[in-house]
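Peer 1:
2 protein chains.
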Amino acid sequence: MSKPKGFEKPIGVKDYLPHAVAKLRRIEHEVLTCMRGWGYEQILTPTIEYYDTVGVASATSDQKLFKLLNQRGTTIVLRSDVTAPIARVASSLLKDHPFPLRLSYHANVFRAFEEEAGREAEFFQTGVELIGDPSPEADAEVIALAIASLKAAGVPSFKIAVGHVGFLNGLFGDTLPGRAEAQERLKECLLQRDYVGYRTVLGELRLEESVHRELEGLLRLRGGQEICERALELRVSEGAREAIRHLCEMWDVLGAYGVQDHVLIDLTMIGDISYYTGMTFEGYASQLGFPVCSGGRYDNLLAQFGRPAPATGFALKTTRMLEVAEVGQEEPTRALIRYTPGRRREALEKAAGLRAEGLAVVTEGIAQIGDGLNAGAGDALASPEAKAGSYEYKGAIYDQVFTFDEKGGDPR
Amino acid sequence: MSKPKGFEKPIGVKDYLPHAVAKLRRIEHEVLTCMRGWGYEQILTPTIEYYDTVGVASATSDQKLFKLLNQRGTTIVLRSDVTAPIARVASSLLKDHPFPLRLSYHANVFRAFEEEAGREAEFFQTGVELIGDPSPEADAEVIALAIASLKAAGVPSFKIAVGHVGFLNGLFGDTLPGRAEAQERLKECLLQRDYVGYRTVLGELRLEESVHRELEGLLRLRGGQEICERALELRVSEGAREAIRHLCEMWDVLGAYGVQDHVLIDLTMIGDISYYTGMTFEGYASQLGFPVCSGGRYDNLLAQFGRPAPATGFALKTTRMLEVAEVGQEEPTRALIRYTPGRRREALEKAAGLRAEGLAVVTEGIAQIGDGLNAGAGDALASPEAKAGSYEYKGAIYDQVFTFDEKGGDPR
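Line by line, the protein sequences give chains V and W.
The numbering of the first sequence is my numbering, which starts it at 2 and goes up by one.
The numbering of the second sequence is my numbering, which starts it at 2 and goes up by one.
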């Protein structure tokens with residue numbers, strides 16, 4: 002173990018400078034306001050949880066959990082998602098609140114990527130959970146809200162791919178009964194979106210002609226409404242069929258929301274989160290190679306905390322959206338007010354007045370006028386009155402500059 | 002070590018339910034907007050830092066640092082304040098940005114109070130740092146901004162007590178030269194605000210009459226402008242005198258800000274933060290027994306990160322202010338829209354329209370009208386049109402209820 006150097010931060014975490022923070026906070030505000038418009042109310046859970054409770058129940062695979070030892074030797078996890086903590090709250094503090102519960106959050110989450118440079122160990126998620134409603138309406142609501150949230154965040158172009166874990170499990174169970182390893186190999190290819198590998202594995206399995214055709218046909222079950230109809234024609238058992246009917250109903254509701262254009266049905270989609278039990282989805286922005294949101298139905302998680310209930314939700318990967326989001330920055334007009342001691346009160350009153358009007362005002366006391374003016378300020382500051390324009394002074398840009406000095410009655 | 006139980010959270014951390022979160026976020030928004038108005042721009046630093054860098058430089062005493070071991074055996078700290086991380090950023094990412102730097106933050110911070118039930122191990126701070134300006138103007142600016150921030154947060158009544166570490170160190174050094182232990186005992190009493198104990202210790206020290214009188218007189222150096230004048234009359238060395246002159250100038254600037262009414266000079270005040278070098282202050286809300294903000298000048302911290310610079314700043318204890326802050330909650334009007342499948346599209350269009358107007362709208366698909374109406378909804382839901390009022394349904398309160406069913410053309 003080598004000692005960290007002077008300014009070193011732990012690997013995978015970063016500092017955000019004002020421009021990035023302003024944008025991140027703008028996205029956060031727009032998205033949370035959107036979620037509030039759909040009746041979702043914010044909750045806040047701790048950054049740290051016990052590994053043995055929320056850690057184990059979380060969706061994050063064990064080796065990606067950010068585990069730490071506290072001074073008593075107990076394993077602590079830095080929260081890896083907010084879904085499991087919300088399940089804990091729904092089952093404890095909110096246990097007497099009737100369903101459905103609509104909750105939202107904006108929080109930093111953590112992954113153990115310390116060994117992998119370039120992966121983020123801490124990032125922000127903004128999401129919702131809809132707990133206590135098993136219906137296709139509920140699943141459609143969270144997808145429609147994900148779409149509304151991506152729009153609110155200013156993501157200019159995106160698609161949502163929707164699949165169903167229950168359908169995939171049914172299909173593989175029906176076609177490859179008792180062959181757990183073969184099922185896992187195929188699912189792993191789907192998870193990686195490696196269709197070439199999927200076909201290779203299929204070939205190696207030396208399946209009956211009809212089974213081979215059906216499993217290869219899965220790769221073509223991606224598209225719009227017609228996919229639901231084609232999937233219903235498959236010779237699958239009732240479980241898989243039920244999953245498809247659920248998706249079809251959901252598709253209809255998405256039509257009523259007017260958002261079908263943003264949605265693809267993709268029956269090869271397998272959520273990478275272990276607790277999903279039904280519909281799962283991911284959102285892709287056209288400029289990015291990774292999902293900007295993911296979600297799905299998790300009907301078994303709440304039971305782990307003692308209050309069994311169906312649930313569905315999603316999280317936006319807020320930090321990742323920084324690159325693509327086009328949100329207005331709402332930058333205030335910036336003013337600089339410089340003053341000599343004798344006119345301090347006037348100058349600070351002027352500052353207070355401009356702040357009340359919404360300007361961002363920096364004040365600076367100076368010994369005498371001319372002080373520091375040559376140090377980067379240029380002639381602009383010597384102008385006889387406040388002027389609109391763009392002035393650079395000590396590394397900052399100002400739209401307006403006022404000078405209160407001893408020489409005259411009015412600011413110059 | 003006993004295994005944590007079902008829903009247990011680590012000791013000292015808590016969940017915040019929607020009402021509290023709404024208030025906390027409102028305070029956060031108002032305070033950050035206020036800080037932006039004074040030219041301070043937000044930055045964001047990681048939750049975790051290495052103990053050997055930022056941990057050691059932080060203001061928090063070693064036993065209160067939230068220390069954890071990562072999987073490589075390196076000691077990690079959960080951030081205990083944002084001042085030290087900002088010093089790191091000012092000296093690295095922002096090393097080419099000229100001074101002064103005005104930075105703000107809102108962040109959760111951590112303390113190792115796991116053993117002490119009732120103390121908060123995680124809480125929020127909202128604060129600023131003004132780096133690169135040694136003047137009394139800069140100290141007055143952060144105090145005036147602290148006052149503006151407390152007002153923005155809706156704290157109805159508060160006072161700021163201002164002292165000076167340099168004065169205290171000078172006074173004790175002059176009167177008790179070479180008697181480090183005696184100095185420490187007296188300072189400890191001041192830190193605890195235990196004036197009875199202070200007098201007791203003074204008695205035990207058996208000092209010369211004039212020294213005893215001077216040190217006891219310190220306890221009366223609390224008040225307004227007159228304190229500055231009285232302190233200047235003390236027979237202290239140049240260091241302590243310089244400190245008082247700085248305070249007097251600061252007091253004048255606070256007058257120009259028009260905020261002297263909120264400020265007391267209290268020369269017994271000793272910041273509990275080890276890195277303070279000059280003026281220190283604490284804000285007290287009249288209803289609370291603990292400070293709601295604290296700050297001070299720390300001219301030696303930046304040097305630890307390789308960019309020596311004077312600096313001053315403060316942090317509001319945002320979570321603690323929840324109890325006393327009176328901020329408008331900005332609650333949206335809440336509407337419930339229920340619909341049968343045949344009128345889904347109309348109902349969801351109505352919801353979209355109301356959301357665009359700023360309402361919070363919950364929708365619910367129902368099999369047929371009457372469904373669930375008896376389960377807590379009462380007659381209100383059966384009313385023939387949308388009505389303003391207060392309706393309780395499934396644990397939530399709505400201002401308006403709309404029903405779209407098969408029986409008529411209009412919502413009922």
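Just so you know, even glycine gets a beta-carbon here, dropped at the ideal spot from N, CA and C.
This one's a predicted model, so the numbers in the text were calculated from it and none came from an experiment.
How would you list, in chain order, the residues of chain W whose beta-carbon sits under 7 angstroms from the beta-carbon of L94 of chain V?
Peer 2: Result: D16 and L18.
Peer 1: Specify whether the segment 151 to 159 of chain W and the segment 321 to 337 of chain W touch according to this definition: at least 3 beta carbon pairs, one from each stretch, less than 8 angstroms apart.
Peer 2: Because the criterion of three Cβ pairs below 8 angstroms is met, the segment 151 to 159 of chain W and the segment 321 to 337 of chain W touch.
Peer 1: Would you kindly check if the distance between the Cβ of D140 of chain W and the Cβ of M251 of chain W is under 7 angstroms?
Peer 2: Cβ distance < 7 angstroms, so M251 of chain W and D140 of chain W count as in contact.
Peer 1: Taking 7 angstroms as the CB-CB cut-off, is K318 of chain W touching chain V?
Peer 2: Cβ-Cβ to chain V under 7 angstroms: no for K318 of chain W.
Peer 1: Which residues bound the beta strand (DSSP E) around I132 of chain W?
Peer 2: Segment E123 to I132, the beta strand (DSSP E) holding I132 of chain W.
Peer 1: Checking contacts by CB at 7 angstroms: is T48 of chain W closer than that to chain V?
Peer 2: So yes, T48 of chain W belongs to the interface.
Peer 1: With a CB to CB cut of under 6 angstroms and the five nearest residues on each side skipped, what residues in its chain are close to A85 of chain W?
Peer 2: Once the five neighbours on either side are set aside, the close Cβ partners of A85 of chain W are V55, A58 and S59.
Peer 1: In the structure shown, what three-state DSSP assignment does T341 of chain W receive?
Peer 2: Correct three-state label for T341 of chain W: coil.
Peer 1: What in chain W is Cβ-close to I161 of chain V, meaning under 8 angstroms?
Peer 2: Those within 8 angstroms of I161 of chain V in chain W number zero; the least Cβ separation is about 17 angstroms.
Peer 1: Which one or two residues does DSSP pair with A336 of chain W in a beta bridge?
Peer 2: DSSP output for A336 of chain W lists W:V362 and W:Q401 as bridge partner(s).
Peer 1: Quick one: Cα of V163 of chain W to Cα of L203 of chain W, how far?
Peer 2: Using only the alpha carbons, I get a separation of about 24 angstroms.
Peer 1: Along chain W, which residues have their Cβ under 7 angstroms away from the Cβ of G396 of chain V?
Peer 2: Residues of chain W passing the Cβ test: H98 and P99.
Peer 1: Quick one: give me the first and last residue of the beta strand (DSSP E) that G314 of chain W is part of.
Peer 2: Here the beta strand (DSSP E) through G314 of chain W covers A312 to K318.
Peer 1: Does R27 of chain W get closer than 7 angstroms to chain V when you measure Cβ to Cβ?
Peer 2: No, no contact with chain V.
Peer 1: Any beta carbon from chain W within less than 7 angstroms of Q126 of chain V's own beta carbon?
Peer 2: No, its Cβ sits nowhere closer than 7 angstroms to a Cβ of chain W.
Peer 1: So is P11 of chain V in contact with chain W if we call contact Cβ pairs under 7 angstroms?
Peer 2: With 7 angstroms as the cut-off, P11 of chain V counts as an interface residue toward chain W.
Peer 1: For the alpha helix (DSSP H) containing P178 of chain V, list its first residue and its last residue.
Peer 2: Counting along the chain, P178 of chain V falls outside any alpha helix (DSSP H), and DSSP gives it neither H nor E.
Peer 1: Check L208 of chain W in the structure and name its three-state DSSP category.
Peer 2: Note: L208 of chain W maps to coil in three-state DSSP.
Peer 1: So, is V197 of chain V buried or exposed, given that buried needs 16 or more other C-beta atoms within 10 angstroms?
Peer 2: Exposed, by the Cβ-count rule.
Peer 1: Between I77 of chain V and the rest of its own chain, which residues show a CB-CB distance below 6 angstroms, the 5 nearest in sequence each way excluded?
Peer 2: Within the same chain, I77 of chain V has close Cβ partners I49, L69 and N71.
Peer 1: Taking 6 angstroms as the limit between beta carbons, can you name the residues of its chain near L183 of chain W, skipping five residues before and five after?
Peer 2: Per the sequence shown, residue 183 of chain W should be read as Ala rather than Leu. The answer, listed in chain order, is L177 and L206.
Peer 1: Would you say V402 of chain V lies against chain W (beta-carbon separation less than 7 angstroms)?
Peer 2: For V402 of chain V, the answer is no, since every Cβ of chain W falls outside 7 angstroms of its Cβ.
Peer 1: With distances taken from CA atoms, which of V:V83, V:G279, V:L216 and V:A286 is nearest G167 of chain V?
Peer 2: Among V:V83, V:G279, V:L216 and V:A286, the Cα nearest to that of G167 of chain V is on V:G279.
Peer 1: When DSSP labels each residue in this structure, what does H20 of chain V get in the three-state scheme?
Peer 2: Helix.
Peer 1: Check whether chain V comes within 7 angstroms of Q43 of chain W, counting only Cβ atoms and requiring the distance to be less than that.
Peer 2: Yes, contact with chain V.
Peer 1: Kindly list, in the order they appear in chain W, the residues whose Cβ is closer than 9 angstroms to that of G314 of chain V.
Peer 2: Those do not exist, as G314 of chain V stays about 15 angstroms from chain W at its closest Cβ, beyond 9 angstroms.
Peer 1: I'd like to know if the segment 254 to 274 of chain V and the segment 214 to 226 of chain V are in contact, where contact means that at least 3 CB-CB pairs between them fall below 8 angstroms.
Peer 2: Segments in contact, yes.
Peer 1: Quick one, which of V:I44, V:A241, V:W39 and V:K15 has its alpha-carbon nearest A23 of chain W's?
Peer 2: Ranking the options by Cα distance to A23 of chain W, first place goes to V:I44.
Peer 1: Cα-Cα, which of V:Y199, V:A122 and V:E358 is closest to R321 of chain V?
Peer 2: It is V:A122 whose Cα lies nearest to the Cα of R321 of chain V.
Peer 1: What residues from chain V crowd round G354 of chain W, counting only those whose CB sits closer than 8 angstroms?
Peer 2: Neighbours of G354 of chain W on chain V: none; closest Cβ ~11 angstroms, over 8 angstroms.
Peer 1: Am I right that Y340 of chain W and I367 of chain W are in contact with their C-beta atoms under 8 angstroms? What's the rounded C-beta distance?
Peer 2: Their Cβ separation, rounded to whole angstroms, is 7 angstroms, which keeps Y340 of chain W and I367 of chain W in contact under 8 angstroms.
Peer 1: Could you tell me the alpha carbon to alpha carbon distance between L151 of chain W and E331 of chain V, rounded to whole angstroms?
Peer 2: Approximately 24 angstroms, taken between the alpha carbons.
Peer 1: Can you confirm whether E407 of chain W, when its beta carbon is compared against all beta carbons of chain V, has any partner nearer than 7 angstroms?
Peer 2: Output row for E407 of chain W: interface = no.
Peer 1: Drop a sphere of 10 angstroms on the beta-carbon of G290 of chain V, count the other beta-carbons inside from all chains shown, and report buried for 16 or more, exposed for fewer.
Peer 2: So G290 of chain V ends up on the exposed side.
Peer 1: If you run the structure through DSSP and keep just helix, strand and coil, what is H98 of chain V?
Peer 2: Of the three classes helix, strand and coil, the one that applies to H98 of chain V here is coil, per DSSP.
Peer 1: One question on the structure: do A336 of chain W and Q401 of chain W come within less than 7 angstroms of each other, judged by their Cβ atoms?
Peer 2: Yes, these two residues count as a Cβ contact at 7 angstroms.
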